[in-house]
Amino acid sequence: MDESTLIARVRAGDSAAERALYDAHVDRVYRLAFRLAGDDALAQDFTQETFIRAFDRLDSFRGDAAFSTWLHTITTTVVLNGLRKVKRFRQRETDIDDAREIGTVHRQAEPDLKMRLKQAIDALPEGYRTVFLMHDVEGYTHEEIGVALGVETGTSKAQLSRARAKLRAALSDFAGEWIA
Amino acid sequence: MTDQYEDPKFDAWLKDAARGTYHAPPTTPRDEMWSRIAAARQRRARRVIELRPWMRWVTAAAAVLALGIGIGRWTADRSSGKGTDVAVTRGVNREIDSLAGVAYQVAATQYLSRTEAFLTSFRADANRSVNTARLTRQARELLTTTQLMLDSPAANNPRLRSLLEDLELVLMQIALLNPVRDGRDRDLINEGMNQSNVLPKLRSAIPAGPVPARTEGAL
Numbered sequence: 001m002d003e004s005t006l007i008a009r010v011r012a013g014d015s016a017a018e019r020a021l022y023d024a025h026v027d028r029v030y031r032l033a034f035r036l037a038g039d040d041a042l043a044q045d046f047t048q049e050t051f052i053r054a055f056d057r058l059d060s061f062r063g064d065a066a067f068s069t070w071l072h073t074i075t076t077t078v079v080l081n082g083l084r085k086v087k088r089f090r091q092r093e094t095d096i097d098d099a100r101e102i103g104t105v106h107r108q109a110e111p112d113l114k115m116r117l118k119q120a121i122d123a124l125p126e127g128y129r130t131v132f133l134m135h136d137v138e139g140y141t142h143e144e145i146g147v148a149l150g151v152e153t154g155t156s157k158a159q160l161s162r163a164r165a166k167l168r169a170a171l172s173d174f175a176g177e178w179i180a
Numbered sequence: 001m002t003d004q005y006e007d008p009k010f011d012a013w014l015k016d017a018a019r020g021t022y023h024a025p026p027t028t029p030r031d032e033m034w035s036r037i038a039a040a041r042q043r044r045a046r047r048v049i050e051l052r053p054w055m056r057w058v059t060a061a062a063a064v065l066a067l068g069i070g071i072g073r074w075t076a077d078r079s080s081g082k083g084t085d086v087a088v089t090r091g092v093n094r095e096i097d098s099l100a101g102v103a104y105q106v107a108a109t110q111y112l113s114r115t116e117a118f119l120t121s122f123r124a125d126a127n128r129s130v131n132t133a134r135l136t137r138q139a140r141e142l143l144t145t146t147q148l149m150l151d152s153p154a155a156n157n158p159r160l161r162s163l164l165e166d167l168e169l170v171l172m173q174i175a176l177l178n179p180v181r182d183g184r185d186r187d188l189i190n191e192g193m194n195q196s197n198v199l200p201k202l203r204s205a206i207p208a209g210p211v212p213a214r215t216e217g218a219l
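Protein chains in written order, with our numbering: chain A, 1 to 180; chain B, 1 to 219.
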């Protein structure tokens, strides 16, 4: 069954078609949510919320773009908004804890490359990080990213280039060894 | 053509390294997520029936009509000079009730948003042994608010009351977390939250939009 027929059946209230549409796309949505959130519980929450919104708003999908593109627009909105909310909450709590622990110094172990890579990606500005993860890690095209994030294709390319430059600078001392 | 800032060899290495090590996703838990999606959609479907847009218009029209009738009666009473004091008192009382209702809605929405952020963060941190003292402190604060909400007119709504009771149970469990056997307790709390679908219920009770403004339909 092709996707437009499947979508028509979902609109008509066919629950088996809903599940089929979910099965066709859930892996990619969950993978993206996990890459961005780095946490299984959050990734599951974001994936669920994405599909709930998608099914609720399916009547507004006109088929101008691919269904997957439309779905990933919802995914990035849900994930990025959700992460901002969690970050604000955690920051508030960290500030409180920091205020309580003034004078306590924690010595950090020397991070290995995996940790350095994680820290470097985490430290990217949100837009750079999102484009880098979508393009280089999850294989989205710049056109898909542009639609999903509501930016021009050129902006996506520029952000990727800047993200790579920042990562290159952050990992320059390690990268030589790994590439060799 | 590559610009001066590009380094294809590094970029290829970076892609491979990031794919293999940065937030590498596990197998998709399809069935678990689907069952929660189906349950949440059923609940939302019931809610949509309650809050269809045309019903809001009908409600608004009815409110305007009632207001018009009220003003008409009040002015009629004033002109006839009978029952003026009673009508004014009733009007003021209704206005106070209405303002109190809005205040409860604002408070409820803010409380639900805070609780959602806390429980989402709790689930996300479940495997990381985040500071138990901090978690229990936050849970106790929210538990106090939950119990106040349960005693307030906001809990007259049966759906909200049921949600508050679920939240009270979860928050009480978190407030009583034992630092020694913390990991096991957190797993049990998470299992309970999944079984009772408390987070999806909580999210569906929070209206869309920025917290301070999103009071419409909060309860």
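Glycine included, each C-beta is placed from N, C-alpha and C at the ideal position.
Interface annotation, Leu117/A: in contact with chain B, CB-CB separation under 8 Å. Here Glu191/B carries a helix assignment [DSSP, helix/strand/coil]. Taking C-beta atoms as the reference points, Val147/A and Thr28/B fail to come closer than 8 Å.
With a 10 Å radius around the Cβ and a threshold of 16 neighbouring Cβ atoms, Ser4/A comes out exposed.
Just so you know, the alpha carbons of Ala120/A and His135/A end up roughly 17 Å apart. Interface annotation, Pro153/B: not in contact with chain A, CB-CB separation never under 8 Å. Taking a Cβ-Cβ cut-off of 7 Å, the neighbours of Pro26/B in chain A comprise Asp40, given in sequence order. A residue is called buried when at least 16 other Cβ atoms come within 10 angstroms of its Cβ; Asp45/A meets this threshold and is buried. Here Glu152/A has Gly146 as same chain residues with Cβ atoms under 8 Å from its own Cβ, once five neighbours each way along the sequence are excluded. At a cut-off of 8 Å, the C-beta of Arg43/B has no neighbouring C-beta in chain A. Contact with chain A is found for Thr120/B, since one of that chain's Cβ atoms lies less than 8 Å from the residue's Cβ.
The region 142 to 158 of chain B makes no contact with the region 67 to 81 of chain A: fewer than 3 CB pairs, one atom from each, lie closer than 8 Å.
In the pairwise beta carbon analysis, the region 11 to 20 of chain B is classified as touching the region 136 to 143 of chain A: at least three pairs are separated by under 8 Å.
Taken in chain order, the members of the region 137 to 152 of chain A whose beta-carbon sits within less than 8 Å of a beta-carbon on chain B are Val137.
Taking all protein chains shown into account, Glu165/B has fewer than 16 neighbouring C-beta atoms within 10 Å of its C-beta and is therefore exposed. Within the region 44 to 74 of chain A, the residues whose Cβ lies closer than 8 Å to any Cβ of chain B are, in chain order, Gln44, Asp45, Thr47, Gln48, Glu49, Phe51, Ile52, Phe55, Asp56. Identification of chain B residues near Asp23/A by a Cβ-Cβ cut-off of 9 Å yields Arg30, Trp34, ordered along the chain. A residue is called buried once 16 or more other Cβ atoms fall within 10 Å of its Cβ, and Pro125/A, having fewer, is exposed.
Contact check for Leu199/B against Thr120/B passes: the beta carbons are separated by less than 8 Å. Taking a cut-off of 8 Å for Cβ pairs, the region 132 to 150 of chain B and the region 188 to 204 of chain B do not touch, as fewer than three such pairs fall below it. DSSP places Thr141/A in the coil class of the three-state scheme, outside both helix and strand. For Lys114/A, the closest Cβ of chain B is nearer than 8 Å. For the pair Ala175/B and Ala139/B, the CB atoms are nearer than the 8 Å cut-off.
Ser172/A sits exposed, since fewer than 16 C-beta atoms from the chains shown fall within 10 Å of its C-beta. In the three-state scheme derived from DSSP, where H, G and I count as helix and E and B as strand, Met115/A is classed as helix. Interface residue (Cβ-Cβ distance to chain A less than 8 Å): Ala17/B is classified as such.
For secondary structure counted as the alpha helix (DSSP H) over 4 or more consecutive residues, the region 104 to 180 of chain B holds these complete runs in sequence order: 132 to 150, 158 to 175. Counting the other CB atoms within 10 Å of its CB gives Gly82/A a total of 16 or more, which places it among the buried residues.
Out of Met149/B, Gln173/B, Leu167/B, Gln195/B, the CA that lies nearest to the CA of Ala107/B is found in Met149/B.
With its beta carbon at least 8 Å from every one in chain B, Ile7/A lies outside the interface.
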